[in-house]
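Undergrad:
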Amino acid sequence: MAHPDKPLPYIGPDTAKFWAAAREHRLSLPVCETCHRAHWPPGPVCPFCFGDGLTWRDMSGRGTITTFTIVHRDWYPALMVNGPYNVIQVELEEGPRLTANLVDPPPGGPRIGMAVEVIFDDVTPEVTLPRFRPRQAGERNG
Amino acid sequence: MRRNDGKQACIVGIGASRFGRRLPESQTALAAVAFKQALADAGLTREDIDGLCINMGFPLGTDYDRFAQAFGLDIRYVSQTWMHGRFVTMSLQHAALAVEAGLADVVACVTAISFTRAIPVLGGVDAEDMREEGGTHGESPHYGLTAPASGAALGMQRYMHVHGATSEQLAAVPVAFRKHASLNPAALMRTPITVADHQASRFVVEPLHLLDCCLVTDGAVIVLVTSAERARDLRQKPVRITGMQGLRTGREEFIFAPRGMGIAQQNFGRQPARARDLEVYRGAGIERADVQGLFTYDAFSPLVLFTLERFGFCGPGEAAGFVQNGSIEIGGELPMNTSGGLLSEAHVGGWNSIAEMVRQLRGTAGPRQIPDVACLQWATAWGDSVILQS
Numbered sequence: 004m005a006h007p008d009k010p011l012p013y014i015g016p017d018t019a020k021f022w023a024a025a026r027e028h029r030l031s032l033p034v035c036e037t038c039h040r041a042h043w044p045p046g047p048v049c050p051f052c053f054g055d056g057l058t059w060r061d062m063s064g065r066g067t068i069t070t071f072t073i074v075h076r077d078w079y080p081a082l083m084v085n086g087p088y089n090v091i092q093v094e095l096e097e098g099p100r101l102t103a104n105l106v107d108p109p110p111g112g113p114r115i116g117m118a119v120e121v122i123f124d125d126v127t128p129e130v131t132l133p134r135f136r137p138r139q140a141g142e143r144n145g
Numbered sequence: 025m026r027r028n029d030g031k032q033a034c035i036v037g038i039g040a041s042r043f044g045r046r047l048p049e050s051q052t053a054l055a056a057v058a059f060k061q062a063l064a065d066a067g068l069t070r071e072d073i074d075g076l077c078i079n080m081g082f083p084l085g086t087d088y089d090r091f092a093q094a095f096g097l098d099i100r101y102v103s104q105t106w107m108h109g110r111f112v113t114m115s116l117q118h119a120a121l122a123v124e125a126g127l128a129d130v131v132a133c134v135t136a137i138s139f140t141r142a143i144p145v146l147g148g149v150d151a152e153d154m155r156e157e158g159g160t161h162g163e164s165p166h167y168g169l170t171a172p173a174s175g176a177a178l179g180m181q182r183y184m185h186v187h188g189a190t191s192e193q194l195a196a197v198p199v200a201f202r203k204h205a206s207l208n209p210a211a212l213m214r215t216p217i218t219v220a221d222h223q224a225s226r227f228v229v230e231p232l233h234l235l236d237c238c239l240v241t242d243g244a245v246i247v248l249v250t251s252a253e254r255a256r257d258l259r260q261k262p263v264r265i266t267g268m269q270g271l272r273t274g275r276e277e278f279i280f281a282p283r284g285m286g287i288a289q290q291n292f293g294r295q296p297a298r299a300r301d302l303e304v305y306r307g308a309g310i311e312r313a314d315v316q317g318l319f320t321y322d323a324f325s326p327l328v329l330f331t332l333e334r335f336g337f338c339g340p341g342e343a344a345g346f347v348q349n350g351s352i353e354i355g356g357e358l359p360m361n362t363s364g365g366l367l368s369e370a371h372v373g374g375w376n377s378i379a380e381m382v383r384q385l386r387g388t389a390g391p392r393q394i395p396d397v398a399c400l401q402w403a404t405a406w407g408d409s410v411i412l413q414s
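Written as structure tokens, this is what we have:
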């Protein structure tokens, strides 16, 4: 069983721009030139209006936790060295929901409705993972 | 309404290997046991089989070509889906459609799998990790999320937040199915469990405890499908496939969360089941109230709640309450997964539950028999379904 030490994203043609922007510490998503909606995961056309014209734009990086889990199973032993860890889904202000981790979680861990903002974690010279940290702001009910 | 004539597809034979963990037999050897048993059960010979529907081939199970080659078959119709349980219903439906369209006379639906042997082939984790945009269950390996259980955890966490459901309520599901398994000699986990046992079992991926997660096992189940006309000459009372509806997918769907739950890219806003969600009853010419038992792909206990709500047995958020007090147990209002399901009998991709439905409708389920049963539903959290009637 060959586990990579810490798994890295599979970067392909549809997601390459996302990861390239992340290396520059930008959270960039495809936005439709016709209906102006951002979408995730990145696709070849706008999934809402089927338009072909997409422009990658930087997002605010602000969002809200909509669900989360704490992983106890050592599916990836290298990620379990400090014990169970969280995985969150974050709804960005622009709409799409991303999966990530909450860094510096408050006592009690992530909560649905918690306001968060992006940070950038340079995990290798080539790969930067966007993650999120708690943000001082009003909470809303996810 | 679906057809109700001599062409109507029926299940006429079932067979199973032994179930277990780390079984020494190859998947094809397990298939041989199940296949011979299914043929004998139906009163058919291998020469009668001219169609194959394989739900879980490589790397978990025997592929269509190996099955035909190993057993000396000459096949003219094949359908094979990628190795996931979400394609159980589709495989059975393809068999029915092939028979009704005249593409095959008798189709063997084959699931012959070894999870315990295949795990290293899968890289120890989950093949869906390798989709660049993430897997169907939310797999994002770089954030430490993998495996179908994680998808069920994301769905259940928010379900609890929105509807006020609790893990203690969820425990009623594995407790019920373990009770059923205790009546089933073929089941691998037969010692009854309590809500306290569920709560004390370790977390796998919160809020799911170990006892919310199905077994990981090896085994084979084979189901033979032919036309009603052909079934008249066979050994068993046929089980008719009277209603069908297909898998639902799109941005409003997340495989392991109800619509409107707000998981992945779903919008918020739970809604009661709509007409479009209930085509299977109209197709069969029945009402939901005619269903005397519900069988579902219980890979994780939340999926049972989501299925009950998806098909309108309960309103949004009501299933956690509905499953209390034995209502899904044999003798309850709506018995579910009477063999113990994936949670307690074995994980043969759900086909162990399809076989159990056939036994129920034949009246051969022994101590697990639902009295006077004539109409059962197979339905999944991702919206596909089949109605089986005696």
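Residue numbers (this note's numbering), protein chains in the order written: chain A, 4 to 145; chain B, 25 to 414.
Beta carbons are placed, not taken as given, at the ideal position from N, Cα and C, and that holds for glycine.
Any beta carbon of chain B sitting closer than 7 angstroms to that of residue 73 (chain A)?
TA: Against the first sequence, residue 73 (chain A) aligns to sequence position 70. By this cut-off, residue 73 (chain A) is an interface position.
Undergrad: For residue 55 (chain A), which residues in the same chain have their Cβ closer than 6 angstroms to its Cβ, ignoring the five residues on either side in sequence?
TA: By 1-based counting over the first sequence, the position of residue 55 (chain A) is 52. The residues are 48.
Undergrad: For the beta strand (DSSP E) that residue 51 (chain B) lies in, which residues bound it at each end?
TA: Along the second sequence, read from residue 1 onward, the residue named residue 51 (chain B) stands at position 27. Element bounds for residue 51 (chain B): not the beta strand (DSSP E) but the alpha helix (DSSP H), 51-66.
Undergrad: Comparing the C-beta of residue 263 (chain B) with each C-beta of chain A, is any distance below 7 angstroms?
TA: Translated into the one-based positions of the second sequence, residue 263 (chain B) becomes position 239. By this cut-off, residue 263 (chain B) is not an interface position.
Undergrad: So residue 88 (chain A) is in the beta strand (DSSP E); what residue range does that whole segment cover?
TA: Taking the first sequence and counting its residues from 1, one reaches residue 88 (chain A) at position 85. Counting along the chain, the unbroken beta strand (DSSP E) around residue 88 (chain A) starts and ends at 88-95.
Undergrad: Apart from the five residues on each side of it in sequence, which residues of its chain come closer than 8 angstroms, Cβ to Cβ, to residue 5 (chain A)?
TA: The count along the first sequence starts at 1 and reaches residue 5 (chain A) at position 2. Caution is warranted here: a pLDDT of 38 is assigned to residue 5 (chain A), below 50, making its placement in the model unreliable, and no coordinate value can be reported.
Undergrad: Which residue wins for smallest C-alpha separation from residue 195 (chain B), given the options B:231, B:172, B:167, B:185?
TA: As a working note, residue 195 (chain B) is residue 171 in the second sequence. The shortest Cα separation from residue 195 (chain B) among B:231, B:172, B:167, B:185 belongs to B:231.
Undergrad: Would you check if the segment 26-38 of chain A and the segment 25-41 of chain B touch, i.e. whether three or more CB-CB distances between them fall below 8 angstroms?
TA: no
Undergrad: Does residue 21 (chain A) come out as helix, strand or coil in the three-state DSSP assignment?
TA: Along the first sequence, one-based indexing puts residue 21 (chain A) at 18. Three-state DSSP puts residue 21 (chain A) in a helix.
Undergrad: If we define contact as Cβ-Cβ less than 7 angstroms, is residue 387 (chain B) a contact residue for chain A?
TA: Position 363 of the second sequence holds residue 387 (chain B). Taking Cβ atoms only, chain A never reaches closer than 7 angstroms to residue 387 (chain B), which makes this a no.
Undergrad: Exposed or buried, what is residue 323 (chain B) when buried is set at 16 or more other beta-carbons lying within 10 Å of its beta-carbon?
TA: Residue mapping note: residue 323 (chain B) aligns to position 299 of the second sequence, counting from 1. In this structure residue 323 (chain B) is buried. Its beta-carbon is surrounded by 16 or more other beta-carbon atoms within 10 angstroms.
Undergrad: How do the segment 385-392 of chain B and the segment 116-131 of chain B stand: do at least 3 beta-carbon pairs fall below 8 angstroms, yes or no?
TA: no
Undergrad: Given this structure, state the Cα-to-Cα distance separating residue 98 (chain A) from residue 214 (chain B), to the nearest angstrom.
TA: Here residue 98 (chain A) corresponds to residue number 95 of the first sequence, with the count starting at 1. Here residue 214 (chain B) corresponds to residue number 190 of the second sequence, with the count starting at 1. Each residue's Cα considered, the two are about 47 angstroms apart.
Undergrad: Counting only C-beta atoms, is residue 44 (chain A) closer than 7 angstroms to chain B at any point?
TA: Here residue 44 (chain A) refers to the residue found at position 41 of the first sequence. Yes, its Cβ sits closer than 7 angstroms to a Cβ of chain B.
Undergrad: Within the same chain, show all residues whose beta-carbon is closer than 8 angstroms to that of residue 312 (chain B), passing over the 5 residues directly before and after it, in chain order.
TA: As a first step, residue 312 (chain B) is located in the second sequence; it is residue number 288 there, counting from the start. If we look at residue 312 (chain B) and ignore the five residues flanking it on each side, its Cβ neighbours are 302, 305, 335, 336, 337.
Undergrad: Indicate the three-state DSSP secondary structure (helix, strand or coil) for residue 33 (chain A) in the structure shown.
TA: As a first step, residue 33 (chain A) is located in the first sequence; it is residue number 30 there, counting from the start. Looking at residue 33 (chain A) - three-state DSSP - the assignment turns out to be strand.
Undergrad: Give the DSSP-derived three-state secondary structure of residue 378 (chain B) in the structure shown.
TA: As a position in the second sequence, residue 378 (chain B) is number 354, starting the count at 1. Looking at residue 378 (chain B) - three-state DSSP - the assignment turns out to be helix.
Undergrad: With H, G and I counted as helix, E and B as strand and the rest as coil, what does DSSP make of residue 122 (chain B)?
TA: As a working mapping, residue 122 (chain B) is identified with position 98 in the second sequence. Helix at residue 122 (chain B).
Undergrad: From the DSSP output, read off the bridge partner residues of residue 130 (chain B).
TA: Position 106 of the second sequence, counted from the first residue, corresponds to residue 130 (chain B). Beta-bridge partners of residue 130 (chain B) (DSSP): B:250.
Undergrad: Would the beta-carbon of residue 407 (chain B) fall within 7 angstroms of that of residue 26 (chain B)?
TA: Position 383 of the second sequence holds residue 407 (chain B). Position 2 of the second sequence holds residue 26 (chain B). Not a contact, by the Cβ cut-off of 7 angstroms.
Undergrad: With distances taken from CA atoms, which of B:209, B:114, B:236 is nearest residue 268 (chain B)?
TA: Residue 268 (chain B) sits at position 244 when you count from the first residue of the second sequence. Ranking the options by Cα distance to residue 268 (chain B), first place goes to B:114.
Undergrad: Mind pulling the chain B residues with CB within less than 9 angstroms of residue 92 (chain A)?
TA: Taking the first sequence and counting its residues from 1, one reaches residue 92 (chain A) at position 89. What residue 92 (chain A) touches in chain B: 162, 178, 182, 286, 287, 288.
Undergrad: Answer yes or no: do residue 89 (chain B) and residue 128 (chain B) have a C-beta to C-beta separation smaller than 7 angstroms?
TA: By 1-based counting over the second sequence, the position of residue 89 (chain B) is 65. By 1-based counting over the second sequence, the position of residue 128 (chain B) is 104. No, they are not a contact pair.
Undergrad: Shorter than 7 angstroms from the beta carbon of residue 167 (chain B) to some beta carbon of chain A?
TA: Position 143 of the second sequence, counting from 1, holds the residue named residue 167 (chain B). Yes, contact with chain A.
Undergrad: Excluding sequence positions up to five away, which residues of its chain have a Cβ less than 6 angstroms from the Cβ of residue 187 (chain B)?
TA: The residue given as residue 187 (chain B) occupies position 163 in the second sequence. Cβ within range, chain order: 341.
Undergrad: At which residue ranges does the segment 61-115 of chain B contain complete beta strand (DSSP E) runs of 3 or more residues, listed in the order of the chain?
TA: 75-78, 101-104
Undergrad: Do you know whose CA, among B:70, B:66, B:92, B:68, lies nearest residue 78 (chain B)'s CA?
TA: Translated into the one-based positions of the second sequence, residue 78 (chain B) becomes position 54. Taking only the C-alpha atoms, the option nearest residue 78 (chain B) is B:92.
Undergrad: What residues in the segment 7-20 of chain A bring their beta carbon closer than 7 angstroms to a beta carbon of chain B?
TA: 10, 11, 12, 13, 14, 15, 17, 18
Undergrad: If distances are taken between C-alpha atoms only, which option among B:130, B:117, B:171, B:155 comes closest to residue 143 (chain B)?
TA: Translated into positions along the second sequence, residue 143 (chain B) becomes position 119. Closest by alpha carbon: B:171.
Undergrad: With a threshold of 7 angstroms between beta carbons, is residue 241 (chain B) in contact with chain A?
TA: Translated into the one-based positions of the second sequence, residue 241 (chain B) becomes position 217. Chain A has no Cβ within less than 7 angstroms of the Cβ of residue 241 (chain B).
Undergrad: Can you round the beta-carbon distance between residue 247 (chain B) and residue 379 (chain B) to whole angstroms, since I take them to be within the 8 angstroms contact cut?
TA: Here residue 247 (chain B) is taken as the residue at index 223 of the second sequence, counted from 1. Here residue 379 (chain B) is taken as the residue at index 355 of the second sequence, counted from 1. 7 angstroms between Cβ atoms; contact.
Undergrad: Can you give me the start and stop residues for the beta strand (DSSP E) that residue 137 (chain A) sits inside?
TA: Counted from its first residue, the first sequence places residue 137 (chain A) at position 134. 131-137 is the extent of the beta strand (DSSP E) around residue 137 (chain A).
Undergrad: Smallest Cα separation from residue 44 (chain B): which of B:206, B:131, B:211?
TA: Here residue 44 (chain B) refers to the residue found at position 20 of the second sequence. Closest by alpha carbon: B:211.
Undergrad: Could you list the residues in the segment 368-385 of chain B with a C-beta less than 9 angstroms from some C-beta on chain A, going in chain order?
TA: none
Undergrad: Less than 8 angstroms between the CB atoms is what I'm expecting for residue 399 (chain B) and residue 310 (chain B), so what's the real figure, rounded?
TA: Against the second sequence, residue 399 (chain B) aligns to sequence position 375. Against the second sequence, residue 310 (chain B) aligns to sequence position 286. Indeed, because the Cβ distance is near 6 angstroms, the residues count as touching under 8 angstroms.
Undergrad: Cα separation between residue 20 (chain A) and residue 59 (chain A)?
TA: Within the first sequence, numbered from 1, the residue matching residue 20 (chain A) stands at position 17. Within the first sequence, numbered from 1, the residue matching residue 59 (chain A) stands at position 56. Their Cα atoms are separated by approximately 8 angstroms.
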